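**Q** Sending over a structure as structure tokens; questions will come in a sec.
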Amino acid sequence: MKLPDILHFHESNAQFVSLSACLGDLTLSSAFQPIFSISHRRAIGYEALLRARDPLGNEVQPLSILDGPIEPGRWSNLERGVQWLHASNFVQMANAGDQLFLNVRPDGFIVSEAYRQLVENSMRRLQLAPDQVVLEVLEMPNGDLQQLVDGVASFRQLGFLIALDDFGAGHSNIDRVWQLQPDIVKLDRRVIERAAQNPRWARQLPRLVSLLHETGALVLVEGVETQHEALLAIEADSDFVQGFYFARPAQSGADEASNRATMDSLWQMFRARVEENVRRESVLLATYTAAMQKAAERFEAGVDLAQTCEEFLQLEGAERCFLLNAQGEQNGADLTATRGCVSPSDLLRAGVDASGACWERRPYFRNAIAQPGKIQVTRPYLSINAIHLCVTFSIAVLVMEALWVLCADINWQHVVDRCRTDNAARWDS
Numbered sequence: 166m167k168l169p170d171i172l173h174f175h176e177s178n179a180q181f182v183s184l185s186a187c188l189g190d191l192t193l194s195s196a197f198q199p200i201f202s203i204s205h206r207r208a209i210g211y212e213a214l215l216r217a218r219d220p221l222g223n224e225v226q227p228l229s230i231l232d233g234p235i236e237p238g239r240w241s242n243l244e245r246g247v248q249w250l251h252a253s254n255f256v257q258m259a260n261a262g263d264q265l266f267l268n269v270r271p272d273g274f275i276v277s278e279a280y281r282q283l284v285e286n287s288m289r290r291l292q293l294a295p296d297q298v299v300l301e302v303l304e305m306p307n308g309d310l311q312q313l314v315d316g317v318a319s320f321r322q323l324g325f326l327i328a329l330d331d332f333g334a335g336h337s338n339i340d341r342v343w344q345l346q347p348d349i350v351k352l353d354r355r356v357i358e359r360a361a362q363n364p365r366w367a368r369q370l371p372r373l374v375s376l377l378h379e380t381g382a383l384v385l386v387e388g389v390e391t392q393h394e395a396l397l398a399i400e401a402d403s404d405f406v407q408g409f410y411f412a413r414p415a416q417s418g419a420d421e422a423s424n425r426a427t428m429d430s431l432w433q434m435f436r437a438r439v440e441e442n443v444r445r446e447s448v449l450l451a452t453y454t455a456a457m458q459k460a461a462e463r464f465e466a467g468v469d470l471a472q473t474c475e476e477f478l479q480l481e482g483a484e485r486c487f488l489l490n491a492q493g494e495q496n497g498a499d500l501t502a503t504r505g506c507v508s509p510s511d512l513l514r515a516g517v518d519a520s521g522a523c524w525e526r527r528p529y530f531r532n533a534i535a536q537p538g539k540i541q542v543t544r545p546y547l548s549i550n551a552i553h554l555c556v557t558f559s560i561a562v563l564v565m566e567a568l569w570v571l572c573a574d575i576n577w578q579h580v581v582d583r584c585r586t587d588n589a590a591r592w593d594s
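Each residue of the sequence shown is one higher than the one before, counting from 166 in the working numbering.
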């Protein structure tokens, strides 16, 4: 396997001799950006990136080479040659067990059996096991998807790992995940960037990571450039991170001591944030939990539902109370607060009678039934009753030998915003 022109060696630094290549009057070389395992707190692999310089030593954008016009039949040779260049440099630079991440165009997977054999032989020559190589594929809009699926499967049979690149941008979507069944999904830089800028995106990021985990893929957040983005990636339960915040591309390996210090610092901040969030939520929820406990005691004592819920519904941010039978079916209409915030979305639902609705699927019902007598509190979620985040309190109680689940909703966003306003006012004073 060769580049279209000629390969030659040169002394890159004092640590190892790196391979470069000529393409016309350009000199091509490799740079490697570390990919870090959050749990292991160290680099577990490197993405190989192309670097190019003209005869005067000026940098040339790799995309101008890779996306530039190529003579018919020459593209495959160019891409394969670049991959050979990266693999050759990687084995000189990396530690045992490190993974090499190689970018591959979709048509690079659609090859003959003879070429796959050539790849296998080439890996053997370099003493690089296929399972050390992660092939990153960016699905293109105009390709033959079934051929791509078959090609990916054939390389996986050889032992290569597969990553779907730039998920969340362009044509890399959940449908591609289901069809290609990648080992790793790389979230596009824009995903973490938006999460850092928008609290709503930040709340959705853990759910996105969880969904991808359920497909059988590990999740890599790429393009991490700030401490805030790094913490969001950790909080979302992603597996790997990559970006300038951790390390820039270089010809040498990662600085293990420096990177370990960075990861340890992030873990300390993560633990502190978790503890603070637990403390803050406990403070925010304490009043509602106490009111819910009192309501449950009143209901068990035979007090009617309206009087049972009266005190809870007078609390700031309280929205509704409702009663479910042991099958999760709602008994009667919602009891709603007469004060508080009402959004246009609430008004759209004001005429909907929830009596007889079945909430058996909801965690607040299932958890309450599983632990009678104990108050359950959901995570903030989007309720069908209102297009904003709410938290539901629930408790299963036995009344007249029948099991009932008493439930109450609060407008979580309103409660959090009010808390921030109160804290700011106290700080200003």
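Don't be surprised by glycine CBs; every beta carbon is placed ideally from N, CA and C.
All values derive from a computational prediction rather than experimental measurement.
DSSP state of Q344, grouped into three classes?
**A** Walking along the sequence shown from the start, residue 344 turns up at place 179. The answer is helix: DSSP assigns Q344 an H, G or I state.
**Q** Is the Cβ-Cβ distance between Y453 and F325 less than 8 Å?
**A** Residue 453 sits at position 288 when you count from the first residue of the sequence shown. Residue 325 sits at position 160 when you count from the first residue of the sequence shown. Result no, Cβ atoms of Y453 and F325 do not sit closer than 8 Å.
**Q** What whole-angstrom Cβ distance do L377 and V384 have, given they're in contact under 8 Å?
**A** Locating residue 377 in the sequence shown gives position 212, counting from the first residue. Locating residue 384 in the sequence shown gives position 219, counting from the first residue. That belief holds up - the Cβ atoms of L377 and V384 are roughly 5 Å apart, short of 8 Å.
**Q** What's the C-alpha gap between E400 and E278?
**A** Here the question's residue 400 lines up with position 235 in the sequence shown. Here the question's residue 278 lines up with position 113 in the sequence shown. Straight-line Cα distance between these residues: approximately 43 Å.
**Q** Count the other CB atoms, across all protein chains shown, that sit within 10 Å of the CB of T302; report buried if there are 16 or more and exposed otherwise.
**A** What you label residue 302 is simply residue 137 of the sequence shown in a count that begins at 1. For the sequence presented, residue 302 should be read as Val rather than Thr. Label assigned to V302: buried.
**Q** Check S559 in the structure and name its three-state DSSP category.
**A** Residue mapping note: residue 559 aligns to position 394 of the sequence shown, counting from 1. S559 falls in the strand class under three-state DSSP.
**Q** How would you call S204, buried or exposed, if buried means at least 16 neighbouring beta carbons within 10 angstroms?
**A** Residue mapping note: residue 204 aligns to position 39 of the sequence shown, counting from 1. So S204 counts as exposed.
**Q** For a quick check, are the C-beta atoms of L345 and L370 less than 8 Å apart?
**A** Against the sequence shown, residue 345 aligns to sequence position 180. Against the sequence shown, residue 370 aligns to sequence position 205. No, the Cβ-Cβ distance between L345 and L370 is not below 8 Å.
**Q** DSSP state of K459, grouped into three classes?
**A** Counting from one through the sequence shown, the residue named residue 459 turns up at place 294. Helix, per DSSP.
**Q** Would you please state the rounded distance, in angstroms, between the beta carbons of D219 and L191? I believe it to be under 8 Å.
**A** On the sequence shown, position 54 is the one that residue 219 refers to. On the sequence shown, position 26 is the one that residue 191 refers to. Right, the Cβ-Cβ distance comes to about 6 Å (below 8 Å), so this counts as a contact.
**Q** For G381, is the classification buried or exposed, using 16 other Cβ atoms within 10 angstroms of its Cβ as the cut-off for buried?
**A** Numbered from its first residue, the sequence shown carries residue 381 at position 216. Classification of G381: exposed, given that the 10 Å Cβ count is below 16.
**Q** What are the partner residues of A502, as DSSP defines its beta bridges?
**A** For the purposes of this step, residue 502 is taken as the residue at position 337 of the sequence shown. A502 pairs with nothing; no bridge assigned.
**Q** Assuming R354 and G388 form a contact by the criterion Cβ under 8 Å, report the distance between their Cβ atoms to the nearest whole angstrom.
**A** Indexing the sequence shown from 1 puts residue 354 at position 189. Indexing the sequence shown from 1 puts residue 388 at position 223. About 3 Å separates the two Cβ atoms, so the contact holds.
**Q** So Y484 is in the alpha helix (DSSP H); what residue range does that whole segment cover?
**A** For the purposes of this step, residue 484 is identified with residue 319 of the sequence shown, where counting begins at 1. A quick correction: the sequence has Glu, not Tyr, at residue 484. From DSSP, E484 is part of no alpha helix (DSSP H) but of the beta strand (DSSP E) over 483 to 489.
**Q** Between L250 and A186, is the Cβ-Cβ spacing less than 8 Å?
**A** As a working mapping, residue 250 is identified with position 85 in the sequence shown. As a working mapping, residue 186 is identified with position 21 in the sequence shown. Result yes, Cβ atoms of L250 and A186 sit closer than 8 Å.
**Q** Mapping DSSP to helix, strand and coil, what is S430?
**A** Against the sequence shown, residue 430 aligns to sequence position 265. In the structure shown, S430 sits in a helix (DSSP, three-state: H, G or I).
**Q** Relative to the alpha-carbon of Q492, which residue among D402, L323, N363, W569 has its alpha-carbon at the smallest distance?
**A** Numbered from its first residue, the sequence shown carries residue 492 at position 327. Ranking D402, L323, N363, W569 by Cα distance to Q492 puts W569 first.
**Q** Quick check on S375: does DSSP put it in helix, strand or coil?
**A** Reading the sequence shown from its first residue, position 210 is the one you call residue 375. Of the three classes helix, strand and coil, the one that applies to S375 here is helix, per DSSP.
**Q** Exposed or buried, N576, counting other C-beta atoms within 10 Å across all chains shown (16 or more means buried)?
**A** Taking the sequence shown and counting its residues from 1, one reaches residue 576 at position 411. The residue in question, N576, is buried, as its Cβ has 16 or more Cβ neighbours within 10 Å.
**Q** So the beta strand (DSSP E) G316 belongs to, where does it begin and stop?
**A** Residue 316 sits at position 151 when you count from the first residue of the sequence shown. Segment 310 to 322 is the alpha helix (DSSP H) holding G316; no beta strand (DSSP E) there.
**Q** By the DSSP assignment, the alpha helix (DSSP H) with E278 in it spans what residues?
**A** Counting from one through the sequence shown, the residue named residue 278 turns up at place 113. Counting along the chain, the alpha helix (DSSP H) containing E278 begins and ends at 278 to 290.
**Q** How many whole angstroms separate the CB atoms of F464 and A573, which I take to be in contact at a CB cut-off of 8 Å?
**A** Numbered from its first residue, the sequence shown carries residue 464 at position 299. Numbered from its first residue, the sequence shown carries residue 573 at position 408. Their Cβ separation, rounded to whole angstroms, is 11 Å, which puts F464 and A573 out of contact at 8 Å.
**Q** Suppose the cutoff is 8 Å on Cβ atoms and the five residues either side in sequence are ignored; what does the same chain contact list for F435 look like?
**A** Stepping through the sequence shown from its first residue, residue 435 is reached at position 270. Within the same chain, F435 has close Cβ partners L396, I399, E400.
**Q** Do R425 and R207 have their CB atoms nearer than 8 Å?
**A** One-based indexing of the sequence shown puts residue 425 at position 260. One-based indexing of the sequence shown puts residue 207 at position 42. In contact: R425 and R207 (Cβ atoms closer than 8 Å).
**Q** Beta-carbon within less than 7 Å of R270's beta-carbon, same chain only, minus the 5 sequence neighbours each way: which residues are those?
**A** The residue given as residue 270 occupies position 105 in the sequence shown. Only E244 meet the Cβ criterion.
**Q** Measure the alpha-carbon distance for S195 versus V276 and round it to whole angstroms.
**A** As a first step, residue 195 must be located in the sequence shown, where it is residue number 30. As a first step, residue 276 must be located in the sequence shown, where it is residue number 111. Distance between the alpha carbons of S195 and V276: 24 Å.
**Q** To which residues of the same chain is A334 closer than 7 Å at the C-beta, ignoring the five residues directly before and after it?
**A** Counting from one through the sequence shown, the residue named residue 334 turns up at place 169. Closer than 7 Å at the Cβ level, and outside the excluded window around A334, lie D353, R355.
**Q** Would you tell me roughly how many angstroms separate the C-alpha atoms of A451 and Q458, rounded to the nearest one?
**A** Translated into the one-based positions of the sequence shown, residue 451 becomes position 286. Translated into the one-based positions of the sequence shown, residue 458 becomes position 293. If I take the Cα positions, the gap works out to 11 Å.
**Q** Within its chain, find whatever has a CB closer than 8 Å to the CB of R281; leave out the 5 residues flanking it on each side and keep chain order.
**A** In the sequence shown, residue 281 corresponds to position 116, counting from 1. Taken in chain order, the residues that qualify are S319, F320, L323.
**Q** Identify every residue that forms a DSSP beta bridge with L449.
**A** Within the sequence shown, the letter at position 284 stands for residue 449. Answer by DSSP bridge pairing: none, since L449 is not bridged.
**Q** Please classify I200: does DSSP put it in a helix, a strand, or coil?
**A** For the purposes of this step, residue 200 is identified with residue 35 of the sequence shown, where counting begins at 1. Three-state result, I200: strand.
**Q** Determine the extent of the beta strand (DSSP E) in which C572 is found, giving its start and end residues.
**A** Taking the sequence shown and counting its residues from 1, one reaches residue 572 at position 407. Counting along the chain, the beta strand (DSSP E) containing C572 begins and ends at 567 to 576.
**Q** Here's the rule: buried if 16 or more other CB atoms are within 10 angstroms of the residue's CB, otherwise exposed. What is W524?
**A** The residue you call residue 524 lines up with position 359 of the sequence shown. So W524 ends up on the buried side.
**Q** On the three-state DSSP scale, how would you describe F266?
**A** Taking the sequence shown and counting its residues from 1, the one referred to as residue 266 is at position 101. Strand.
**Q** Can you tell which of R583, A437, L267 has the C-alpha that lies nearest to the C-alpha of E481?
**A** Here residue 481 is taken as the residue at index 316 of the sequence shown, counted from 1. Closest by alpha carbon: R583.
**Q** Under the assumption that I230 contacts A217 (Cβ atoms under 8 Å), give the Cβ distance between them as a whole number of angstroms.
**A** Mapped onto the sequence shown, residue 230 falls at position 65. Mapped onto the sequence shown, residue 217 falls at position 52. That pair is a contact at about 6 Å.
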